[in-house]
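To start, the structure under review is shown below, and the notes come after it.
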């Protein structure tokens, strides 16, 4: 059966993207637009330590920002977690604690 010539509606068509401000260890600040942020530091990466004890290894953990652009899932940024000082969601700008949303 031939595929329809109609473009399939994007899964994130009605989901607004988020704007993240990244401050690198060097002090450089940049913004990334993404629908999803994932990181491996929370994923258990297990290594045997010779004596049968297991531990997690987050030395090479990466943070990845993805966005759906024109129906294509796209990697916007992938960086070593150790290279990033802070990540802030600045989609709605600065918000004061206790202020009305």
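Residue numbers (my numbering): 30 to 130. For every residue, glycine included, the Cβ atom is placed at its ideal position computed from N, Cα and C.
Where do the N-terminal and C-terminal ends of the beta strand (DSSP E) with residue 50 fall, by residue?
-> Within the chain shown, numbered from 1, the residue matching residue 50 stands at position 21. Counting along the chain, the beta strand (DSSP E) containing residue 50 begins and ends at 47-53.
Given that a residue counts as buried once 16 or more other Cβ atoms are within 10 Å of its Cβ, and exposed if not, what is residue 109?
-> Here residue 109 is taken as the residue at index 80 of the chain shown, counted from 1. Residue 109 comes out exposed.
Among 63, 49, 51 and 58, the one whose alpha carbon lies nearest that of residue 101 | Taking the chain shown and counting its residues from 1, the one referred to as residue 101 is at position 72. If we check each option's Cα against that of residue 101, 63 comes out closest.
Put residue 78 into one of helix, strand or coil per three-state DSSP.
-> Working through the chain shown from its first residue, we reach residue 78 at position 49. Bear in mind that a pLDDT of 48 at residue 78, under 50, signals an unreliable position, so the model cannot answer this.
On the three-state DSSP scale, how would you describe residue 123?
-> Stepping through the chain shown from its first residue, residue 123 is reached at position 94. Three-state DSSP puts residue 123 in coil, outside helix and strand.
Quick one: grab the DSSP three-state call for residue 111.
-> Sequence index remark: in the chain shown, residue 111 carries index 82 (1-based). Looking at residue 111 - three-state DSSP - the assignment turns out to be helix.
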